[in-house]
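Novice: Remember, our numbering sits 5 above the position in the sequence shown when you count from 1.
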Amino acid sequence: MRQPLVAGNWKMNGSSQSIRELLDGIVSGLESKAEVLVCPPAIYIQQAREMLSGTAVKWGLQNVSDKASGAFTGETSPLMAKDLDCKYVIIGHSERRSIFGETDKDVAAKFCALVDQGIVPILCVGETLEEREAGTTMKVVEKQIETVLQEAGSNRLGNFVIAYEPVWAIGTGLTATPEQAQEVHAAIRELLSRTDESVAQKTRILYGGSMKAANAAELMANPDVDGGLIGGASLVAEDFKAICHAAG
6 MRQPLVAGNW
16 KMNGSSQSIR
26 ELLDGIVSGL
36 ESKAEVLVCP
46 PAIYIQQARE
56 MLSGTAVKWG
66 LQNVSDKASG
76 AFTGETSPLM
86 AKDLDCKYVI
96 IGHSERRSIF
106 GETDKDVAAK
116 FCALVDQGIV
126 PILCVGETLE
136 EREAGTTMKV
146 VEKQIETVLQ
156 EAGSNRLGNF
166 VIAYEPVWAI
176 GTGLTATPEQ
186 AQEVHAAIRE
196 LLSRTDESVA
206 QKTRILYGGS
216 MKAANAAELM
226 ANPDVDGGLI
236 GGASLVAEDF
246 KAICHAAG
């Protein structure tokens, strides 16, 4: 039985004061059997660590370099993430791919660097509207995943998460139907099974793309949807807690 995971991706939002209020609101009265994670901007990770230590809520980063250290101005290394007790790091988000030009190979290198430090990667994959309309959704998603699998090798596939985020549904208010989400999630699990059936069965596959309190329960009722990677709704404590509650 896979424990649901609900992860909040705060993106480039927040201040010391607003994050203090948001975390207080999330922790207060949180009831869920799901694993709960928040990913604030990197500059606020220490604040989140201090506030969340001893609670049920975990903290993680939105991105990381594949390099351990060195002359890489502005980057954050997996070693730094480990030093601040980050259990998870999001990689391959469509905004990193489209705005910052990250390739499948770049994402694969980050995946390997995180696993080697004992940090769980949340690997984001997904298609654009044009790719969905062209009927190439799974071709795109399979390439994104297979590049990582090939680079990682079987010895690095012990613990990771996949987040399916249709690009056309991120921040647009559009959401894949439960049927569309289940179809892609099931196909991803089948893809993983070609490498290792046990990996396929234990790997959690999250849905992202405008998941909110109103649609979370319906989306997560699907057998292959193991939680959510939440954007805008994770910035409102009550909405985020409602999603966590819907997860179990």
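From the three backbone atoms N, C-alpha and C, an ideal C-beta is built for every residue, glycine too. Nothing here was measured: the structure is a model prediction, and the numbers come from that model.
(1) Can you check DSSP and say which residues form a bridge with Asn14?
(2) Within the stretch 100-162, note down every full alpha helix (DSSP H) run reaching 4 residues or more, in order along the chain.
(3) Report all residues from its chain with a CB closer than 7 Å to the CB of Gln185; omit the five preceding and five following residues, and keep chain order.
(4) Please classify Gly233 as buried or exposed, where buried requires at least 16 other C-beta atoms within 10 Å of its C-beta.
(5) Around the Cβ of Lys246, are there at least 16 other Cβ atoms within 10 angstroms (buried) or fewer (exposed)?
(6) Short of 7 Å in beta carbon distance, which residues of its chain neighbour Ser99, apart from the five on each side in sequence? Order them along the chain.
(7) Going by C-alpha distance, which of Tyr93, Asp71, Lys72 and Gly140 is nearest Val62?
(8) Would you check if the distance between the CB atom of Leu10 and the CB atom of Leu211 is smaller than 8 Å?
(9) Do the stretch 134-146 and the stretch 20-27 make contact, defined as three or more Cβ pairs closer than 8 Å?
(10) For Arg194, count neighbouring C-beta atoms within 10 Å of its own C-beta (all shown protein chains included) and say buried if the count is 16 or more, exposed if not.
(11) Leaving out the 5 sequence neighbours to the left and right, which residues in its chain are closer than 6 Å to Gly30 when beta-carbon positions are compared?
(12) In this structure, how does DSSP classify Val204 when only helix, strand and coil are distinguished?
(13) Based on Cα-Cα distance, which residue from Ile248, Asn220, Met225 and Arg161 lies nearest to Ala113?
(14) In or out: Pro228 buried (at least 16 other Cβ within 10 Å) or exposed?
(15) If you drop the 5 nearest sequence neighbours on each side, which residues of the same chain put their C-beta closer than 7 Å to that of Glu223?
(16) Give a yes or no on whether the C-beta atoms belonging to Gly19 and Ile235 are separated by under 8 Å.
(17) Using three-state DSSP, classify Ile31 as helix, strand or coil.
(18) Beta carbon of Ile167: closer than 7 Å to some heavy atom of the ligand MG?
(19) Closest Cβ-Cβ distance between Thr60 and chain C: below 8 Å?
(20) Suppose you measure from the CA of Thr180 to the CA of Thr133; what does that come to, to the nearest Å?
(21) Between Cys117 and the rest of its own chain, which residues show a CB-CB distance below 8 Å, the 5 nearest in sequence each way excluded?
(22) DSSP state of Ala226, grouped into three classes?
(23) Just to confirm before moving on: does the CB-CB distance between Ile248 and Ala221 stay below 8 Å?
(24) Please state if the CB of Ile127 and the CB of Ile150 are separated by a distance shorter than 8 Å.
Specialist: Let me spell this out:
(1) Cys44
(2) 109-121, 134-138 and 142-157
(3) none
(4) buried
(5) buried
(6) Cys129, Gly131, Glu170, Val172 and Ile175
(7) Tyr93
(8) yes
(9) no
(10) buried
(11) Ala242
(12) helix
(13) Arg161
(14) exposed
(15) Pro183
(16) no
(17) helix
(18) The ligand MG is not among the ligands present in this structure, which contains no ligands whatsoever.
(19) The structure shown contains no chain C; it is built from a single protein chain.
(20) 13 Å
(21) Asp71, Glu156, Ala157 and Arg161
(22) coil
(23) yes
(24) no
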